[in-house]
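Participant:
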Amino acid sequence: MHSALRCLAVLACAAAPGAQTQPAAPAPGTPPPQGLEAEWDIAPVLQQIGAHASRLLPLLDRIDAPSWVAKGASDTYAAQLQSSKDQTKAIAAAARALARKPDNLSASLDLFFRIQGLETMLGSLVEGTRKYQSPAAAQELAALVAENGANRQRFERYIVNLAQERERDYQVMDQEAQRCRGALAAPAKGSERRKK
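Residues 120 to 315 in this note's numbering are what the sequence shown lists, from first letter to last.
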C-alpha cells in the first residue's frame, strides 16, 4: 500500500500544475545569458577549428628545431615542436568528432584547453623560428595561428553558454527533486498520525 502511495505521489509531482519550474534568476552582477547556439551553428566552427589545425601541420614540419640547438638554442624547442605536432593532430581529430555532438561539455572543455596550450607553445616556436631559422617563416606561422582567433573566441562563448545551460538544468532538476521528496514525505507523515 505504501509503495502504491509513493508511486501515485511521484506521478502527481510529474503531472502537477506548475511542475515546470522557472530557471533560477542569475546572481546579481552576472551578465544575462546570451543563449546557446544551435548545434548546426557551432558545428561548422568546430570543423573550421579542425581544418585550421590540419593546415598548421605542414608549417610545423618545416621547422628545424634540431638545427636551432646547433646555433645555441635550448633543446626544449625540439620537445615543444613535437608536442605541438601531437596537439595539432589531437585538436584536428577532437574538433571533427565534437562537431558531430557539440553539446558534450567535457569534450568541449578538453578541446578548448588543448587549443590554449597549443597557442602558448606556438608563440614560443614563432619566437624561436624568428631568431634561429627565418623571420619570414616565423611571420607565416604567426599569421596562420592568428587565423583561428575568431573561431576560438566563438567556441569559448559557446562553452560558457553551454555550462550556464547545464547549470540551469541541474538547478531545475534539483528543485523538482526536492518538491517531489516533500510530496512523498507528506503522505508518510499523514499515515504515521493515523496509526497513533
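The C-beta atom is built at its ideal place from N, Cα and C for all residues, glycine as well. Quick caveat, the model's predicted, so the values are computed rather than measured.
#1: For the alpha helix (DSSP H) that contains G169, what are its first and last residues?
#2: Give a yes or no on whether the C-beta atoms belonging to L281 and S227 are separated by under 8 Å.
#3: Taking 7 Å as the cut-off, is the beta-carbon of A257 closer than that to any non-hydrogen atom of the ligand NAP?
#4: Can you have a look at T140 and say buried or exposed, based on whether 16 or more other CB atoms are within 10 angstroms of its CB?
#5: Can you grab the Cα-Cα spacing for the pair R298 / D180, in whole Å?
#6: How about L237 and Q206: are their beta carbons less than 8 Å apart?
#7: Helix, strand or coil for P221 per DSSP?
Facilitator: Inspection of the coordinates gives the following:
#1: Position 50 of the sequence shown, counted from the start, is the residue given in the question as residue 169. First-last of the alpha helix (DSSP H) with G169: E158 to D180.
#2: On the sequence shown, position 162 is the one that residue 281 refers to. On the sequence shown, position 108 is the one that residue 227 refers to. Against a cut-off of 8 Å, the Cβ pair of S227 and L281 comes out as a contact.
#3: Questions concerning the ligand NAP fall outside what the structure shown contains, since it holds no ligand whatsoever.
#4: Working through the sequence shown from its first residue, we reach residue 140 at position 21. Because the pLDDT of T140 is 38, which lies under 50, any placement of that residue in the model is unreliable, and the number read from its coordinates should be weighed accordingly. With fewer than 16 Cβ atoms within 10 Å of its Cβ, T140 is classed as exposed.
#5: Along the sequence shown, one-based indexing puts residue 298 at 179. Along the sequence shown, one-based indexing puts residue 180 at 61. Roughly 60 Å between the two C-alpha positions.
#6: Counted from its first residue, the sequence shown places residue 237 at position 118. Counted from its first residue, the sequence shown places residue 206 at position 87. Contact: yes.
#7: Reading the sequence shown from its first residue, position 102 is the one you call residue 221. Coil.
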